[in-house]
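Asks: First, the structure itself, so that you have it in front of you.
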Amino acid sequence: MKSKLFGVLLLIEAAALLLTAAVALHYQRVSGETDVHCFLLTAALTGAIGMLLYNIGSMNKRSSLQIRDAFMVVALAWMLFSFFGMLPFLMYGTVDNVTDAFFETMSGFSTTGATILDNIDQQPHGILFWRSLMQWLGGLGVVVFTLAFIPSVAKGSKKVSLFAAEAPGLSVEKLAPTMGATSRLLWIIYIFLTLLCTIAYRLGPMDTFDSVCHAMTTIATGGFSTHQASIGYFQSNYVEWVCVLFMLLSGINFAMYHFMFNGRFDIIKRNEELRWYLIAVFGFALVFMVRFYFAPNFSTISEEQLASHPQTWWERIRTSLFHVVALLSNTGFQGSNYDYDLWGRVFLIPTVVLMIVGGCAGSTSGGIKMVRVIVLLKYIKKTVYGMIHSSSVYNIKISGQSVDDLSVKRVMSFFSLFIMLFMVNVVLLTAFGMELEDSAISFLTCFSNYGPGSGVTGPSGNFDAIPDAAKWLLSFDMMVGRLEIFTVLLLFSRSFWRAE
């Protein structure tokens, strides 16, 4: 059964590579680019291995997928996709080593957007399209696996709750009678948003190719661009506002669109996570606008830093909203005033906080997720309330529904593991030769699937200069963050493999 599933996944990737080969073939005829053979060869290899695994799995019809097998399929699928997906980069010469190729590919499929490339504008259209398509495929990857695939193969098993480490409130099972139908609904919404975003970009200064590529990475909240200067390349207020709108929409639980299309505005209205998300967006945008306004009065802000700030109120509004939405949705696009490293230290702390938090559960964004932050804050409130009123009963509720103790424990476990991973990674990254601050923020941006870090890995830099060992560790962090910690770490548990 596992072989059959891996075979299907590789055949899907082979089809994506063939689609990219078609794009590369078009631009070979138009402008003489020579990367089409890289995608054809990779597609043939991936498809052949996929067919082999599929046939092996089909021979063993009596085998069934156990809950631990499901975890393994999810985790190893990302490794397989990244392994085969990196081959075109190596074949064409975009990168000259496996470390950089794997880092770039894992960053793509995990929708992180961290890159080692400093010559994106010189890459052929096929390579650029593949970078965007990787993020588009990865954008719903976790949603499909966690909300559709795993529950369907572990039906009736309570063990699957270990993987769904988020509080109840809005249950995706309510979207359709079966998880397969739910998965299809999510994909329809995903495709619809992508098409809408493509049209909106195309109405501006973007050409068709840029519109398609940026729409895929915007809705996937990935952040890969076809230009080194990202969204700022176009120097267009219109493009930036379109990008803000669709990044904002992509950070919302996709189930909200299903309810909206069906006129269930009552469910949307009482959804607490959505309310917190929108409050955070506009609240922090106001914080950045105020800081830009009062920056000349800060003794810690130099004249050079002031020169990098937006100068008019209109620019401050656009820059603040773009920055905050790119952070909370974990998209990582960069606008006209993109380099927050140059803004001054007073802007760095809220930047890192938003980077960590992320968007809503059930969206394509990364990060801790807003719903976990809500549960954490309410748990702290419950603890303080219990100390004052020891005989009282205080229930944690999300969107009017009580959160059971098991869900609360899973959220607390998530935060505990996150802190442990942070400390271990900072120690290892500094041991590999990175600066302390760069190590901390590089882990946070990769784990949160945001992209740019700070310092050498900041908006004006990339991850090319960091040690190879750090690249492998951060690639692992991208996968752990995208798969919500538990899926990957359970594979390292002895009791997990002993479970019946």
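Residue 50 is where the sequence shown starts when you use our numbering, and the numbers rise one by one after that. In this text, a Cβ means the ideal position worked out from N, Cα and C, and glycines have one as well.
1) Count the other CB atoms, across all protein chains shown, that sit within 10 Å of the CB of F303; report buried if there are 16 or more and exposed otherwise.
2) For a test of the three-state rule: what should DSSP assign to K446, helix, strand or coil?
3) Which residue marks the beginning of the alpha helix (DSSP H) containing S80, and which one marks its end?
4) Tell me S451's beta-bridge partners as DSSP assigns them.
5) Under 8 Å by Cβ, that's how I've got M419 and W325 pegged, so tell me the actual separation to the nearest angstrom.
6) Can you have a look at V422 and say buried or exposed, based on whether 16 or more other CB atoms are within 10 angstroms of its CB?
7) Looking only at its chain, what residues have a beta carbon closer than 7 Å to the beta carbon of V261, apart from the 5 residues adjacent to it on each side?
8) On a CA-only basis, which of L89, A124, A73 is nearest L58? Give me that one, please.
9) Give the single residue among N146, M121, G300 whose Cα lies nearest to the Cα of L323.
10) Tell me, please, whether the stretch 174 to 188 touches the stretch 155 to 166 by the rule of three or more beta-carbon pairs shorter than 8 Å.
11) Between the alpha carbons of S414 and V374, how many angstroms are there, rounded?
12) Can L391 and Q360 be called in contact, C-beta distance under 9 Å?
13) What is the DSSP secondary structure of N320, reduced to helix, strand or coil?
14) Looking only at its own chain, which residues have a Cβ that is under 7 Å from the Cβ of F550, when we skip the five neighbours before and after it?
15) Taking 9 Å as the threshold (C-beta atoms), are I280 and H263 in contact?
16) How would you label F337, buried or exposed, when you count the other beta carbons within 10 angstroms and need 16 or more for buried?
17) For I268, report the span of its alpha helix (DSSP H) as first-last.
18) When DSSP labels each residue in this structure, what does M483 get in the three-state scheme?
19) So, using beta-carbon positions, are V330 and L297 closer together than 9 Å?
20) Have a look at A286 and L186 and give me their C-alpha separation to the nearest angstrom.
21) Contact defined as beta carbons within less than 8 Å: I believe D145 pairs with I165. What is the distance between those atoms, to the nearest angstrom?
22) Pop quiz: F88 and A73 are said to be a contact at Cβ under 8 Å. What is the actual Cβ separation, rounded to whole angstroms?
23) For the putative contact between G504 and E486, defined by C-beta atoms under 8 Å, what is the C-beta separation to the nearest angstrom?
24) Starting from the Cα of W290, find the closest Cα among N444, Y250, D256, Y428 and give me that residue.
25) Got a sec? Which residues, its chain only, sit under 7 Å from M527 by beta carbon, not counting five neighbours each side?
26) Compare the Cα-Cα distances from S80 to each of G175, Y387, Y342, L101 and report the closest residue.
27) Please state whether DSSP places S156 in a helix, a strand or coil.
28) With burial defined as no fewer than 16 other Cβ atoms inside 10 Å of the residue's Cβ, what is the status of Q284: buried or exposed?
29) Taking L478 and S465 to be in contact with their CB atoms under 8 Å, please state how far apart those CB atoms are, rounded to whole angstroms.
30) Comparing C-alpha positions only, which one of S369, W236, I398 sits nearest to G384?
31) Where do the ends of the alpha helix (DSSP H) carrying A356 lie?
32) What three-state label does DSSP hand G530 in the structure shown?
33) What whole-angstrom Cβ distance do F308 and I317 have, given they're in contact under 8 Å?
34) Since T95 and F133 should fall inside the 8 Å C-beta cutoff, what is the C-beta to C-beta distance between them, to a whole number of angstroms?
35) Would you grab the beta carbon distance between T243 and D259 for me? Rounded to a whole angstrom, and I think it's under 8 Å.
36) So is R543 buried or exposed if we call it buried at 16+ other beta carbons inside 10 Å?
Replies: With the structure as the only source:
1) Reading the sequence shown from its first residue, position 254 is the one you call residue 303. It is buried - the Cβ of F303 has at least 16 other Cβ atoms within 10 Å.
2) Along the sequence shown, read from residue 1 onward, the residue named residue 446 stands at position 397. Correct three-state label for K446: strand.
3) If you number the sequence shown from 1, residue 80 lands on position 31. Looking at the DSSP string, the run of the alpha helix (DSSP H) that includes S80 is 51 to 80.
4) For the purposes of this step, residue 451 is identified with residue 402 of the sequence shown, where counting begins at 1. Answer is K446.
5) Position 370 of the sequence shown, counted from the start, is the residue given in the question as residue 419. Position 276 of the sequence shown, counted from the start, is the residue given in the question as residue 325. Between W325 and M419 the Cβ distance is about 5 Å, and since that is below 8 Å, they are a contact.
6) As a position in the sequence shown, residue 422 is number 373, starting the count at 1. By the neighbour-count rule (16 or more Cβ atoms within 10 Å), V422 is buried.
7) Here residue 261 refers to the residue found at position 212 of the sequence shown. Contacts found: T247.
8) Here residue 58 corresponds to residue number 9 of the sequence shown, with the count starting at 1. Of L89, A124, A73, the residue nearest in Cα terms is A124.
9) The count along the sequence shown starts at 1 and reaches residue 323 at position 274. Closest option to L323, Cα to Cα, is G300.
10) Counting Cβ pairs under 8 Å, three or more are found: they touch.
11) Within the sequence shown, the letter at position 365 stands for residue 414. Within the sequence shown, the letter at position 325 stands for residue 374. When rounded, the distance between both Cα atoms is 11 Å.
12) Indexing the sequence shown from 1 puts residue 391 at position 342. Indexing the sequence shown from 1 puts residue 360 at position 311. Contact flag unset, no.
13) As a first step, residue 320 is located in the sequence shown; it is residue number 271 there, counting from the start. Coil, per DSSP.
14) Summary: the structure shown does not reach residue 550, with the chain confined to residues 50 through 549, and so no result is reported for it.
15) By one-based count along the sequence shown, residue 263 stands at place 214. By one-based count along the sequence shown, residue 280 stands at place 231. The answer is yes: Cβ separation under 9 Å.
16) The count along the sequence shown starts at 1 and reaches residue 337 at position 288. With 16 or more Cβ atoms within 10 Å of its Cβ, F337 is classed as buried.
17) Walking along the sequence shown from the start, residue 268 turns up at place 219. That run of the alpha helix (DSSP H) goes 257 to 268.
18) On the sequence shown, position 434 is the one that residue 483 refers to. Note: M483 maps to coil in three-state DSSP.
19) Within the sequence shown, the letter at position 281 stands for residue 330. Within the sequence shown, the letter at position 248 stands for residue 297. Yes. Within cutoff.
20) As a working mapping, residue 286 is identified with position 237 in the sequence shown. As a working mapping, residue 186 is identified with position 137 in the sequence shown. Here residue 286 is Asn; the residue named in the question, Ala, does not match the sequence. Taking the CA atoms as reference points, N286 sits about 28 Å from L186.
21) Here residue 145 corresponds to residue number 96 of the sequence shown, with the count starting at 1. Here residue 165 corresponds to residue number 116 of the sequence shown, with the count starting at 1. Actually they do not touch by this definition, with Cβ atoms about 11 Å apart.
22) Position 39 of the sequence shown, counted from the start, is the residue given in the question as residue 88. Position 24 of the sequence shown, counted from the start, is the residue given in the question as residue 73. With a Cβ gap of about 6 Å, F88 and A73 count as contacting.
23) Here residue 504 refers to the residue found at position 455 when the sequence shown is read from its first residue. Here residue 486 refers to the residue found at position 437 when the sequence shown is read from its first residue. Going by Cβ atoms, the distance from G504 to E486 rounds to 6 Å, so yes, they are a contact pair.
24) If you number the sequence shown from 1, residue 290 lands on position 241. Of the listed residues, the one whose Cα sits closest to W290 is Y250.
25) On the sequence shown, position 478 is the one that residue 527 refers to. Excluding sequence neighbours, M527 sits near M155, S156, S159, T161, C495, N498.
26) For the purposes of this step, residue 80 is taken as residue 31 along the sequence shown, with counting starting at 1. Closest by alpha carbon: G175.
27) Position 107 of the sequence shown, counted from the first residue, corresponds to residue 156. Reduced to three states, the DSSP call for S156 is helix.
28) One-based indexing of the sequence shown puts residue 284 at position 235. With fewer than 16 other Cβ atoms within 10 Å, it is exposed.
29) Counting from one through the sequence shown, the residue named residue 478 turns up at place 429. Counting from one through the sequence shown, the residue named residue 465 turns up at place 416. Actually they are not in contact, since the Cβ atoms of L478 and S465 sit about 20 Å apart, beyond 8 Å.
30) Position 335 of the sequence shown holds residue 384. Answer by Cα proximity: S369.
31) The sequence position of residue 356 within the sequence shown is 307, counting from 1. Unbroken alpha helix (DSSP H) run through A356: 352 to 356.
32) Your numbering for residue 530 matches position 481 in the sequence shown. Helix at G530.
33) Numbered from its first residue, the sequence shown carries residue 308 at position 259. Numbered from its first residue, the sequence shown carries residue 317 at position 268. Yes, F308 and I317 are in contact; Cβ-Cβ is about 6 Å, under 8 Å.
34) To locate residue 95, count along the sequence shown from 1; it is residue 46. To locate residue 133, count along the sequence shown from 1; it is residue 84. Rounded, the Cβ-Cβ distance is 5 Å, consistent with contact.
35) Sequence index remark: in the sequence shown, residue 243 carries index 194 (1-based). Sequence index remark: in the sequence shown, residue 259 carries index 210 (1-based). The beta-carbon separation of T243 and D259, rounded to 14 Å, does not stay under the 8 Å limit for a contact.
36) The count along the sequence shown starts at 1 and reaches residue 543 at position 494. Classification for R543: exposed.
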